[in-house]
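S.K.: I'd like to ask you about the structure that follows.
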Amino acid sequence: MKSAVIVFPASNRDRDSADVLEKVTGTKPYMVWHGETEVPDVDLIVLPGGFSYGDYLRCGAMASQSRIMRDVIAKADKGVAVLGICNGFQILTESRLLPGALMRNAGLKFVSKPVPVEVEETQSMFTRRYRQKQRVVYPVAHGEGNYFADDETLNRLEGEGRVVFRYASGENPNGSARDIAGVLNEKRNVMGLMPHPECACDPMLGPPDGLGLFEGLVEALS
Amino acid sequence: MTAITPEIVREHGLSPDEYSRIMRLLNRAPNLVELGIFSVMWSEHCSYKSTRVHLRKLPTKGGIVIQGPGENAGVIDIGDGDACIFKMESHNHPSFIEPYQGAATGVGGIMRDVFTMGARPIAMMNALRFGEPSHEKTRHLVSGVVSGIGGYGNCMGVPTVGGEVNFHRSYNGNILVNAMCVGLARTDRIFLSAAKGAGNPVVYIGSKTGRDGIHGATMASAEFNEDSEEKRPTVQVGDPFTEKLLLEACLELMATDAIIAIQDMGAAGLTSSSAEMADKGGSGIELDLDHVPQRETNMTAYDMMLSESQERMLAVLKPGREEEAEAIFKKWELDFAVIGITTDTKRLVVKHKGEIVADMPVTSLSDEAPLYERPYERRTPARLAQPRIDSTRPVLDSLRTLLASPDLCSRRWVWEQYDNSVMADTIQMPGGDAAVVRVHGTNKALAITTDVTPRYCKADPFEGAKQAVAEAWRNLTAVGATPLAVTDNLNFGNPERPETMGEIVGAIDGIGDACRALSFPVVSGNCSLYNETNGEPILPTPAIGGVGLIKDVARMATIAFKRAGDTILLIGDTEGHLGQSLYLREIETREEGAAPPVDLAAEKRNGDFVRRLIEQGRVDTVHDISDGGLIVAVAEMAMPGGIGADLSPNERGDIPFLFGEDQARYLIAAPPAEAERIMADAAKAAVPGFRLGRTGGADLILAPDKRAAVRRLREAHESWFPRYMEAGPR
Numbered sequence: 110m111k112s113a114v115i116v117f118p119a120s121n122r123d124r125d126s127a128d129v130l131e132k133v134t135g136t137k138p139y140m141v142w143h144g145e146t147e148v149p150d151v152d153l154i155v156l157p158g159g160f161s162y163g164d165y166l167r168c169g170a171m172a173s174q175s176r177i178m179r180d181v182i183a184k185a186d187k188g189v190a191v192l193g194i195c196n197g198f199q200i201l202t203e204s205r206l207l208p209g210a211l212m213r214n215a216g217l218k219f220v221s222k223p224v225p226v227e228v229e230e231t232q233s234m235f236t237r238r239y240r241q242k243q244r245v246v247y248p249v250a251h252g253e254g255n256y257f258a259d260d261e262t263l264n265r266l267e268g269e270g271r272v273v274f275r276y277a278s279g280e281n282p283n284g285s286a287r288d289i290a291g292v293l294n295e296k297r298n299v300m301g302l303m304p305h306p307e308c309a310c311d312p313m314l315g316p317p318d319g320l321g322l323f324e325g326l327v328e329a330l331s
Numbered sequence: 112m113t114a115i116t117p118e119i120v121r122e123h124g125l126s127p128d129e130y131s132r133i134m135r136l137l138n139r140a141p142n143l144v145e146l147g148i149f150s151v152m153w154s155e156h157c158s159y160k161s162t163r164v165h166l167r168k169l170p171t172k173g174g175i176v177i178q179g180p181g182e183n184a185g186v187i188d189i190g191d192g193d194a195c196i197f198k199m200e201s202h203n204h205p206s207f208i209e210p211y212q213g214a215a216t217g218v219g220g221i222m223r224d225v226f227t228m229g230a231r232p233i234a235m236m237n238a239l240r241f242g243e244p245s246h247e248k249t250r251h252l253v254s255g256v257v258s259g260i261g262g263y264g265n266c267m268g269v270p271t272v273g274g275e276v277n278f279h280r281s282y283n284g285n286i287l288v289n290a291m292c293v294g295l296a297r298t299d300r301i302f303l304s305a306a307k308g309a310g311n312p313v314v315y316i317g318s319k320t321g322r323d324g325i326h327g328a329t330m331a332s333a334e335f336n337e338d339s340e341e342k343r344p345t346v347q348v349g350d351p352f353t354e355k356l357l358l359e360a361c362l363e364l365m366a367t368d369a370i371i372a373i374q375d376m377g378a379a380g381l382t383s384s385s386a387e388m389a390d391k392g393g394s395g396i397e398l399d400l401d402h403v404p405q406r407e408t409n410m411t412a413y414d415m416m417l418s419e420s421q422e423r424m425l426a427v428l429k430p431g432r433e434e435e436a437e438a439i440f441k442k443w444e445l446d447f448a449v450i451g452i453t454t455d456t457k458r459l460v461v462k463h464k465g466e467i468v469a470d471m472p473v474t475s476l477s478d479e480a481p482l483y484e485r486p487y488e489r490r491t492p493a494r495l496a497q498p499r500i501d502s503t504r505p506v507l508d509s510l511r512t513l514l515a516s517p518d519l520c521s522r523r524w525v526w527e528q529y530d531n532s533v534m535a536d537t538i539q540m541p542g543g544d545a546a547v548v549r550v551h552g553t554n555k556a557l558a559i560t561t562d563v564t565p566r567y568c569k570a571d572p573f574e575g576a577k578q579a580v581a582e583a584w585r586n587l588t589a590v591g592a593t594p595l596a597v598t599d600n601l602n603f604g605n606p607e608r609p610e611t612m613g614e615i616v617g618a619i620d621g622i623g624d625a626c627r628a629l630s631f632p633v634v635s636g637n638c639s640l641y642n643e644t645n646g647e648p649i650l651p652t653p654a655i656g657g658v659g660l661i662k663d664v665a666r667m668a669t670i671a672f673k674r675a676g677d678t679i680l681l682i683g684d685t686e687g688h689l690g691q692s693l694y695l696r697e698i699e700t701r702e703e704g705a706a707p708p709v710d711l712a713a714e715k716r717n718g719d720f721v722r723r724l725i726e727q728g729r730v731d732t733v734h735d736i737s738d739g740g741l742i743v744a745v746a747e748m749a750m751p752g753g754i755g756a757d758l759s760p761n762e763r764g765d766i767p768f769l770f771g772e773d774q775a776r777y778l779i780a781a782p783p784a785e786a787e788r789i790m791a792d793a794a795k796a797a798v799p800g801f802r803l804g805r806t807g808g809a810d811l812i813l814a815p816d817k818r819a820a821v822r823r824l825r826e827a828h829e830s831w832f833p834r835y836m837e838a839g840p841r
C-alpha cells in the first residue's frame, strides 16, 4: 500500500501519522506540502491533525481552499481512500467531502484525554479489522470537535451505516450530535474522525487500539 | 531631539546613579533611543544586577554538561550523540495583567529559547502559582493562564506533560507563570549566540515588528500597584501559528551550515539579541532599521529597538548564504531581511533613515552594566518542628479534607486542556511523580518535573530551597530516572529590601548545597524579582525544573498500585515533622513551624537505593512522599487503579506519622517475597525500611474500625477543581 500525508502549515500530527503508516506498510509515506498541485499516485491519503494555517478562521476552512486540496478532492471522487483525523476531519467537512460541521466543544474548552469509542460500523475499509460495537480507547485533543448536522442528515448517515465511530455512552467529550466520533462519505472511501488512532498504536503509550484501523487499511488496499 | 530630563530617566526605571554611569560610559548624555536601550539592558530582568554575584556560587559544571548558564538554554549530554536542551522562564507580570496572552507568550518565549539552539521541543512543563481561591481575580486568572498555555502549546504540537498549580494569598496580586521547555538535538548540531567575526550579515527572521510589548522588560522589573491594569499595552500578543512555522523553518536552516550564531528576540527584542550576540562573539554589530520588517507605519527607532513583538529571531549567517536562507523562510511564508552586519568595532551602532541614532560600546550593555551587592538580612529560621495539634481528630476525615483541598486535589481540570499525546512519545502523563517522554525512535526517555514548596521557603529559605532541589531529584528517581541537571526559576519580591534579598541569598545557597550533594548541576535559569503588589511580596518561590534519563523504558515505575497482595514498604526515616505541613495549614488552619530539614546524604542514599530497584526490574510501583505526608501518598497510589490498601497491621497510626512531611522518603509496592528481599537489601545498605501494609480490596484501612472507600476518596480528590472553576464568573 502506498500512502501520502498532506502537510499544511502548522499540521502537527503529520509525523505521528507518518510513523504509523511506515510501521504498518514498511514504506515511508510521501509527505506532500500544501502548496503542491498534485498528490502522488497512492492508495491512501491522510489529512493529519494540527492547526492548519493556525485555524484562526473556522477550523479547516483555510486548508480546504489550499492548492493541494483540489487534487485531494479529485482523487477522492475517483475513489482513492482518504482519512482525515482531527484537523483532517475538519478539513474534510469544510471541503464538503463529508457532511456536517465541527463546532466548538460544548464545554468551550480544549479537551485532551483518552476516550472510549465504539466501532459502530465494520463494513468499511477503515474498520474491517474491528468487531461490531468493539470498544477501543483513542486519545482526543481538540477544541472544535462537536459534530453537528441537521436531523435529516444524521438520520441518513445512521440509516446508511455511515456513522463509523461513536463515543461510548456517557463519554462524549465535546457534545457531538448522537455521540458521533467519525463518519464516512456516501462512497465509503472517505472517513473523518476526531479521536487519534495514530497515537494509540504503541503498547508503551497504552493499549494499541488504533493499529486495527491502519492494518485494516493495508489489508483492504494492498 | 527630546532632551533627557530626570523625569524621563525615572520613567525608564533608571536611578540617578545609573544615569551618571551611562554618561560616564558614553562620555556624553545619551539620546532617547540610547536611554531606552540602556534601560532595558540594565533592567533587573535582563541584567540580573541584584543576583549575579550570588548566582556565581551555583554548581554549573559536570561530566554531562555541554552548555551551562549564559546561553539561551542549558544543554546536557544524554548519550548516543543526543543532547537535551532545556530551560524554565517566568512570565509573571504580563500574565497577571493579561492572563491568556501573558501565559501564551511565556510558552512561546521559552520554546524559542530552546529551538534557537537547534533543538526540537519535545515537552512543556509549567509551575503556576495563584492567589487564594476566594480572591475575586483567582478564577479568571486560572482560566486565562491555563487556556493561554494550552492555546499556544497545543498549536505548536508540543505536548504539555505536567507541572504544578498552587494557591496562596501571597500571590493575590502577583501570580507566577513559569514555563519550562525541553528539547532534543544532536550533540554536534548545537547552535550558540556568539556573533563571531566581522563582515557577516545579520538577518532578521520571523514576524514583523510592531509596537507591542515596548518596555516589557522594564515592567517586569518593577513592583505592581493599583494602576497595573494600565500596563496592558506592554503585554505582547502571541501567534503560535507563526511560531510553528518559525520552528520548522529554523530547523530546516539549521540542517545547512549557513548559521554562525542565532538567538531569539525575547525580552528587550532587537536590543538584547543584537547586544548579547555581539558581546558573546567579541564583535560589534551595525543595524539599519530601515530594513526591519514592520507591521505598523511611522515606527521610530525607539519603537523598533524596544518592541517585544513575538516570534522573531536574529541570526548571523556566513557571508554569501543569504539567498539559501531566504528561500527557506519564503517557503514558510516568513519575513526574512538582512538588517545589518557584524563589525570589529565592539560597538552597537543603530542607523535609521540615514542617521546614526545610537552608538555605544557593547560592553557598556553587558560587563559594564551595574552589579549590585545589595544588603541582605538572613532571618533566623522558624524552629518549631512539632506545633501543637488536636490529636483526637479523626484521621480519615482529615485525609478526605486534604485530598479535596486546593493544593492537593487532582489537577485533571488543568491538564485535560493541554495536548499531552501529540508526538506519540508521552509515556507518563500528568498525575505521576514525573512526566516521562521517550526520545523518539529509541528505548530511552527523559523524565521531567518542576518542584518547590514555597511555604517551606518562607519559613527557611535555605532549607526550603534545598527541599525544592531534593524533591525534584526524588520525583525523577521515583519513576526510575537518573537525575541529570536542573533549571531554576527564582521568583522573589523586591531585592532592594534586605529581608527579601536575604531570602534570595539563602535560597541560592540552599540550591547550591543540594545540587552539589546530589550531583545535579544548574544549567540554565531565570530570575523574576519585584513580585509584589503594594509592598506585599510573594512567598519566596525558587522553582526547580529537573531532568533525568531513563535508559530503558521497560524499566520504569509509576505511582498506581497494580496488584492486590503487594507489600507496601516505606523507605526512609519518619519522625513525623508537622511544621509547615499541609496538615497544619488545612486542618489546624495554621501556617507555622520549621520547614522539614533535608538530610542530603539520606536523600542520596535512599534515592539511589530505590532507583536501583527499578533499574533491576524488581519494582514497578513507587511514589515519593511530599505534600500531605505518608497517608496522602498511599491514597494517591490507591486512587488511579482503584486498588485499596490495608495498613492496619502496622502499629503506628498517629497524626505526625501519617501526615508529617519528613523528607527523603518513598513508598514502594512489591510482591511479598520480593519485598522481603528488598528489606534485607535495605538493611545492608543502611537504608531505613518499614513494612507499612498490603495492597488489595477497595478500601483504605487504617484499623479494623477505620476505613475509607477508595472510590469516595477519589470523588473528593477529583471534585474540587471543576466545582471551583464552574462556580463563578470567569
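Heads up: the protein sequence lines correspond to chains A and B, in order.
Using this note's numbering, you'd call the opening residue of the first sequence number 110 and step up by one each time.
Using this note's numbering, you'd call the opening residue of the second sequence number 112 and step up by one each time.
From the three backbone atoms N, C-alpha and C, an ideal C-beta is built for every residue, glycine too.
Which class does leucine 320(A) belong to by DSSP, given the choice of helix, strand or coil?
M.R.: In the first sequence, counting from the first residue as 1, residue 320(A) sits at position 211. Three-state result, leucine 320(A): helix.
S.K.: When Cβ atoms are compared, which residues of the region 213-229 of chain A fall closer than 7 Å to chain B?
M.R.: Those would be Lys218, Phe219, Val220, Ser221, Lys222, in chain order.
S.K.: Please compile the residues from chain B whose C-beta is within a distance smaller than 9 Å of the C-beta of tyrosine 162(A).
M.R.: Sequence index remark: in the first sequence, residue 162(A) carries index 53 (1-based). Within chain B, the residues near tyrosine 162(A) are Phe352.
S.K.: Can you tell me which of the three DSSP states phenylalanine 117(A) falls into?
M.R.: Residue numbering aside, residue 117(A) sits at position 8 when the first sequence is read from its first letter. In this structure, phenylalanine 117(A) counts as coil in the three-state DSSP scheme.
S.K.: Would you check if there are 3 or more beta carbon pairs closer than 8 Å linking the region 322-330 of chain A to the region 210-221 of chain A?
M.R.: These segments do not touch.
S.K.: Which value, in whole angstroms, describes the spacing of the CA atoms of leucine 334(A) and alanine 535(B)?
M.R.: In the structure as shown, chain A begins at 110 and stops at 331. Residue 334(A) is therefore absent and cannot be evaluated.
S.K.: Should asparagine 264(A) go down as buried or exposed, given a rule of 16 or more other Cβ atoms within 10 Å for buried?
M.R.: To locate residue 264(A), count along the first sequence from 1; it is residue 155. That one is exposed.
S.K.: Tell me which residues share the same chain as asparagine 717(B) and place their Cβ nearer than 6 Å to its Cβ, disregarding the 5 neighbours each side in the sequence.
M.R.: Translated into the one-based positions of the second sequence, residue 717(B) becomes position 606. The answer, listed in chain order, is Ile682, Gly683, Ala775, Val798.
S.K.: Please report the straight-line C-alpha distance between serine 759(B) and glycine 804(B), rounded to a whole angstrom.
M.R.: For the purposes of this step, residue 759(B) is taken as the residue at position 648 of the second sequence. For the purposes of this step, residue 804(B) is taken as the residue at position 693 of the second sequence. Straight-line Cα distance between these residues: approximately 7 Å.
S.K.: Only counting runs of 4 or more residues, tell me where the alpha helix (DSSP H) segments fall wholly within the region 411-452 of chain B, in order along the chain.
M.R.: Qualifying alpha helix (DSSP H) stretches, in chain order: 412-417, 433-442.
S.K.: What does a CB cutoff of less than 6 Å around threonine 171(B) pick up in its chain, not counting 5 residues either side in sequence?
M.R.: In the second sequence, counting from the first residue as 1, residue 171(B) sits at position 60. The answer, listed in chain order, is Gly179, Pro180, Pro632, Val633.
S.K.: Please report the distance separating the alpha-carbon of arginine 696(B) from that of glycine 220(B).
M.R.: Position 585 of the second sequence, counted from the start, is the residue given in the question as residue 696(B). Position 109 of the second sequence, counted from the start, is the residue given in the question as residue 220(B). Near 36 Å, if we compare the C-alpha coordinates of glycine 220(B) and arginine 696(B).
S.K.: Among residues of its own chain, excluding the 5 on either side of glutamate 280(A), which ones have a beta-carbon nearer than 7 Å to its beta-carbon?
M.R.: Along the first sequence, read from residue 1 onward, the residue named residue 280(A) stands at position 171. Result list for glutamate 280(A): Val224, Pro225, in chain order.
S.K.: Note the first and the last residue of the continuous beta strand (DSSP E) segment covering tryptophan 142(A).
M.R.: Mapped onto the first sequence, residue 142(A) falls at position 33. Tryptophan 142(A) -> beta strand (DSSP E) spans 139-142.
S.K.: Would aspartate 562(B) and alanine 706(B) qualify as a contact pair, given that the criterion is a beta-carbon distance under 8 Å?
M.R.: What you label residue 562(B) is simply residue 451 of the second sequence in a count that begins at 1. What you label residue 706(B) is simply residue 595 of the second sequence in a count that begins at 1. Not a contact, by the Cβ cut-off of 8 Å.
S.K.: Any beta carbon from chain A within less than 8 Å of cysteine 266(B)'s own beta carbon?
M.R.: In the second sequence, residue 266(B) corresponds to position 155, counting from 1. Chain A contact via Cβ: present.
S.K.: Check the Cβ of isoleucine 538(B) against every Cβ in chain A and list those closer than 8 Å, keeping chain order.
M.R.: On the second sequence, position 427 is the one that residue 538(B) refers to. Within 8 Å Cβ-Cβ: Met313, Leu314.
S.K.: Determine the direct distance from the alpha carbon of lysine 817(B) to that of alanine 194(B), and round the result to whole angstroms.
M.R.: Against the second sequence, residue 194(B) aligns to sequence position 83. Against the second sequence, residue 817(B) aligns to sequence position 706. Whole-angstrom Cα-Cα distance: 51 Å.
S.K.: Can you tell me where the beta strand (DSSP E) holding threonine 593(B) begins and where it ends?
M.R.: Position 482 of the second sequence, counted from the start, is the residue given in the question as residue 593(B). Looking at the DSSP string, the run of the beta strand (DSSP E) that includes threonine 593(B) is 593-602.
S.K.: Let me check one thing: in DSSP terms, what residues is valine 633(B) bridge-paired to?
M.R.: Within the second sequence, numbered from 1, the residue matching residue 633(B) stands at position 522. Per DSSP, Val597(B).
S.K.: Hey, does aspartate 288(A) have any beta-carbon neighbour from chain B nearer than 8 Å?
M.R.: The residue labelled residue 288(A) in the question sits at position 179 within the first sequence. Not one chain B Cβ lies under 8 Å of aspartate 288(A).
S.K.: So aspartate 125(A) contacts chain B; which residues on that side make the cut at Cβ distance below 8 Å?
M.R.: For the purposes of this step, residue 125(A) is taken as the residue at position 16 of the first sequence. Result: Val533, Met534, Ala535.
S.K.: CA-CA distance, isoleucine 370(B) and alanine 426(B)?
M.R.: Stepping through the second sequence from its first residue, residue 370(B) is reached at position 259. Stepping through the second sequence from its first residue, residue 426(B) is reached at position 315. Between isoleucine 370(B) and alanine 426(B), the C-alpha separation is close to 7 Å.
S.K.: Could you confirm whether any beta carbon from chain B is found closer than 8 Å to the beta carbon of glycine 193(A)?
M.R.: To locate residue 193(A), count along the first sequence from 1; it is residue 84. So no, glycine 193(A) is outside the interface.
S.K.: Determine the closest residue to asparagine 642(B) out of Ser635(B), Leu601(B), Gly613(B), with distance taken between C-alpha atoms.
M.R.: The sequence position of residue 642(B) within the second sequence is 531, counting from 1. The shortest C-alpha separation from asparagine 642(B) is found at Leu601(B).
S.K.: Within its chain, find whatever has a CB closer than 7 Å to the CB of alanine 309(B); leave out the 5 residues flanking it on each side and keep chain order.
M.R.: The count along the second sequence starts at 1 and reaches residue 309(B) at position 198. Excluding sequence neighbours, alanine 309(B) sits near Ser394, Thr453, Thr454, Asp455.
S.K.: In angstroms with no decimal places, state the Cα-to-Cα distance between serine 418(B) and leucine 724(B).
M.R.: The sequence position of residue 418(B) within the second sequence is 307, counting from 1. The sequence position of residue 724(B) within the second sequence is 613, counting from 1. Going by the C-alpha atoms only, they are around 53 Å apart.
S.K.: Does the pairing of the region 186-193 of chain A with the region 220-235 of chain B give three or more beta-carbon distances under 8 Å?
M.R.: In short, these stretches do not touch, since the Cβ pair count stays below three.
S.K.: Give the secondary structure of glutamine 539(B) by DSSP, where H, G and I count as helix, E and B as strand, and everything else as coil.
M.R.: The count along the second sequence starts at 1 and reaches residue 539(B) at position 428. Three-state result, glutamine 539(B): strand.
S.K.: Am I right that glutamate 209(B) and valine 346(B) are in contact with their C-beta atoms under 8 Å? What's the rounded C-beta distance?
M.R.: In the second sequence, counting from the first residue as 1, residue 209(B) sits at position 98. In the second sequence, counting from the first residue as 1, residue 346(B) sits at position 235. The Cβ separation is near 4 Å, so the contact holds.
S.K.: Find the nearest neighbour of alanine 360(B) within the set Glu437(B), Gly431(B), Glu397(B), judged by alpha-carbon distance.
M.R.: Here residue 360(B) refers to the residue found at position 249 when the second sequence is read from its first residue. Of Glu437(B), Gly431(B), Glu397(B), the residue nearest in Cα terms is Glu437(B).
S.K.: Let's test the definition: count the other Cβ atoms within 10 Å of the Cβ of asparagine 409(B) and tell me whether it reaches 16, buried, or not, exposed.
M.R.: Residue mapping note: residue 409(B) aligns to position 298 of the second sequence, counting from 1. Burial call: exposed.
S.K.: If you draw a straight line from the alpha carbon of alanine 185(A) to that of threonine 588(B), how long is it in whole angstroms?
M.R.: As a working mapping, residue 185(A) is identified with position 76 in the first sequence. As a working mapping, residue 588(B) is identified with position 477 in the second sequence. If I take the Cα positions, the gap works out to 51 Å.
S.K.: Output the boundary residues of the beta strand (DSSP E) element that contains valine 249(A).
M.R.: Against the first sequence, residue 249(A) aligns to sequence position 140. Taken as a continuous stretch (DSSP letters only), the beta strand (DSSP E) holding valine 249(A) covers 244-251.
S.K.: With H, G and I counted as helix, E and B as strand and the rest as coil, what does DSSP make of aspartate 401(B)?
M.R.: Reading the second sequence from its first residue, position 290 is the one you call residue 401(B). Three-state DSSP puts aspartate 401(B) in a helix.
S.K.: Does the beta carbon of tyrosine 529(B) sit closer than 8 Å to a beta carbon anywhere in chain A?
M.R.: Here the question's residue 529(B) lines up with position 418 in the second sequence. With 8 Å as the cut-off, tyrosine 529(B) counts as an interface residue toward chain A.
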